[in-house]
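Below: the structure, in structure tokens.
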Amino acid sequence: MSVLKIGGMSCRQLAEQFGTPLCVYDEEKILSQARAAVENFRSDMFDTEVAYASKAFSSIGLFGMLAAEGLGFDVVSGGELYGAMKAGVDMDKVYFHGNNKSDDEIRMALDAGVGYFVIDNVMECGRIVKLAGEAGRRTRALLRINPGISAHTHEYIMTSKPDSKFGIYIENTEHINRVIDELAADDNVELAGFHSHIGSQIVDVASFEKALGTMIGFLGSLKRSRGLDGMELSIGGGFGIKYVAEDHPVSLGDMCADMIRCAEEAAKAEDVKIAKLITEPGRAMVGEAGYTLYTIGDMKKSGDKNYIFVDGGMSDNIRPALYGAEYDAVLPEKYDEEPAISYCVAGKNCESGDVIIGDIKLPEVKSGDLLAVVSTGAYGYSMASNYNRLGRPAVVMVKDGEPRLIIRRETYEDMYALETENQA
Ligand code: LLP
């Protein structure tokens with residue numbers, strides 16, 4: 032009988048050693064994605080950088096592991112920056128994103144010496160200039176441009192509509208010029224270039240190519256209108272991964288190679304010099320390397336549905352409820368048995384929408400079986416909550432049959448640790 036192994040370890044061993052629900056990462060898969068990205072995102076025409084979008088999943092160890100592979104990092108908050116600092120990553124390779132960064136976060140990033148602030152809007156530009164002046168710190172900035180490319184993905188993760196909350200719309204030349212002028216007149220914050228990101232879980236290469244073409248066209252027009260050249264350009268992340276059998280994403284390595292080819296061609300056509308091209312994959316780096324192991328508890332028939340209940344749910348994976356995201360799952364110990372029965376996999380959170388997989392055919396399930404939901408490595412743990420005071424799962428990294436607990440399971444004490452004595 033064949034069983035599902037992750038990083039050389041059986042799911043049953045993992046469940047016995049660490050309990051369920053459990054987030055498990057196959058370390059080799061993360062490393063091979065990181066290497067594929069770095070190796071394919073190279074050009075003879077310009078410098079390049081792969082910055083991992085740490086919002087997909089972060090831990091101090093993962094920051095360190097990816098830094099050792101030469102990656103930089105996209106962080107969006109003081110909290111993510113703190114993790115990168117704790118891991119001792121090279122701050123020059125950190126891109127500080129986010130709309131509405133607080134003054135405290137900006138000061139923290141200036142003190143840490145982050146390489147780049149990715150500026151979201153005119154007001155933020157003014158605050159960064161002011162705070163950099165007060166701190167006597169020099170830094171670089173990329174201005175986030177919304178290129179207005181609508182890619183086919185869920186509305187909540189589509190970021191490039193004209194009315195998006197992110198960046199400055201490409202046709203808003205007044206605001207774009209205000210940022211360029213303000214930074215040109217400032218000694219502390221240098222405008223190093225521009226940034227765009229069109230959305231997430233995008234599988235059509237054409238949307239990325241279009242966005243890249245639009246952004247390099249934009250650089251061309253800036254060169255002609257304002258004499259700006261030799262800018263850096265970040266093309267964001269958003270590369271889709273395989274969740275279910277119908278998904279056929281292009282591999283991260285091929286995607287990176289394609290982006291380089293497109294950028295080189297467009298730079299030639301527009302006659303612009305690109306100093307550095309940056310990409311920020313998050314999901315594609317860790318998504319398929321992650322699994323969530325659950326133990327099946329009670330089962331019941333309700334109407335036409337065969338419910339199987341797992342010992343976690345929307346508190347460790349909000350994506351189905353929030354985006355209608357689809358997942359696939361296997362019974363790790365019945366891996367080679369034919370799927371026979373349709374089930375609805377629901378969690379134990381107090382909400383009807385707490386369904387991880389609405390309809391999946393599996394071999395016959397018994398209470399006590401393990402269930403492995405696949406491709407949960409991105410935006411699973413990082414969006415987990417304590418809803419219903421369920422503790423967040425433990426996270427284990429496995430390589431060559433050896434597990435490393437990188438985040439322990441949240442205890443009841445952990446969950447109540449923030450409460451003060453002033454309860455009554
Ligand atoms: N760069 C920027 C500026 C971003 O906003 C994002 C994601 C990324 C890079 C990385 O995108 P990725 O390669 O991971 O697709 N919670 C949602 C995804 C939100 C993505 C937000 N920004 C989900 O679970 O699908």
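Under the numbering used here, read the sequence shown as residues 32 to 455, first letter to last.
Glycine residues also receive a C-beta, built at the ideal position from the N, C-alpha and C atoms.
Residue 272 versus residue 350: straight-line alpha-carbon distance, rounded: Looking at the backbone, the Cα of residue 272 and that of residue 350 are separated by about 14 Å.
Simplified DSSP assignment, three categories, for residue 71: Helix.
Separation of residue 263 from residue 319, as counted between CA atoms: A straight line joining the alpha-carbon of residue 319 with that of residue 263 spans about 30 Å.
One or two residues paired with residue 330 in a DSSP bridge: Looking at the DSSP assignment, residue 330 forms a beta bridge with 339.
Below-8 Å beta-carbon distance, residue 409 vs any chain D residue: This model lacks chain D altogether, as it is built from one protein chain only.
Beta-carbon gap between residue 290 and residue 266 smaller than 8 Å: A distance below 8 Å separates the beta carbons of residue 290 and residue 266.
Helix, strand or coil at residue 239 according to DSSP, with G and I counted as helix: In the structure shown, residue 239 sits in a helix (DSSP, three-state: H, G or I).
Whole-angstrom C-beta distance between residue 49 and residue 436, which should lie under 8 Å: In this structure, residue 436 and residue 49 form a Cβ contact; the two beta carbons are roughly 6 Å apart against a cut-off of 8 Å.
Touch test, the region 42 to 57 against the region 400 to 407, Cβ-Cβ under 8 Å, three pairs minimum: Yes, they touch.
Top-ranked residue by Cα proximity to residue 293, from 72, 55, 33, 58: Among 72, 55, 33, 58, the Cα nearest to that of residue 293 belongs to 72.
Residue 205, buried or exposed, once every other Cβ within 10 Å from all chains shown has been counted against 16: Residue 205 should be labelled exposed.
3 or more residues per run - each beta strand (DSSP E) lying fully within the region 361 to 422: Here the runs fully enclosed are 372 to 377, 386 to 393, 401 to 405.
Short Cβ contact (8 Å threshold) for residue 303 with residue 260: Taking 8 Å as the Cβ cut-off, residue 303 and residue 260 qualify as a contacting pair.
Closer than 7 Å: residue 414 CB and nearest the ligand LLP heavy atom: Yes, the Cβ of residue 414 comes within 7 Å of a heavy atom of the ligand LLP.
Backbone CA spacing between residue 57 and residue 341 [nearest angstrom]: Those two C-alpha atoms are separated by around 22 Å.
Any non-hydrogen atom of the ligand LLP closer than 7 Å to residue 86 Cβ: Correct: residue 86 has its Cβ closer than 7 Å to the ligand LLP.
Sequence-distant residues of its chain with Cβ nearer than 8 Å to residue 147 (five each side left out): 125, 126, 127, 170, 171, 172, 173, 223, listed in sequence order.
Closer than 7 Å: residue 315 CB and nearest the ligand LLP heavy atom: Yes, Cβ of residue 315 sits closer than 7 Å to a heavy atom of the ligand LLP.
Nonlocal neighbours in the same chain, by C-beta distance under 6 Å from residue 344, ignoring five residues either side: Closer than 6 Å at Cβ, skipping near neighbours: 378, 379, 380, 385.
Spatial neighbours of residue 131 in its chain, beta-carbon cut-off 8 Å, leaving aside the 5 residues before and after: For residue 131, same chain residues with a beta-carbon under 8 Å away, outside a window of 5 residues either side, are 151, 155 in chain order.
Check whether residue 141 and residue 163 have beta carbons under 8 Å apart: When the beta-carbon positions are compared, residue 141 and residue 163 come within less than 8 Å of each other.
Residue ranges of each beta strand (DSSP E) within the region 261 to 309, 3 or longer: With a minimum length of 3 residues, the continuous beta strand (DSSP E) runs that stay inside the region 261 to 309 are 262 to 265.
The region 406 to 424 touching the region 440 to 449, judged by at least three CB pairs closer than 8 Å: Segments in contact, yes.
Cβ neighbours of residue 103 in the same chain (closer than 6 Å, five flanking residues each side left out): Cβ neighbours of residue 103 beyond the five flanking positions: 80, 82, 124.
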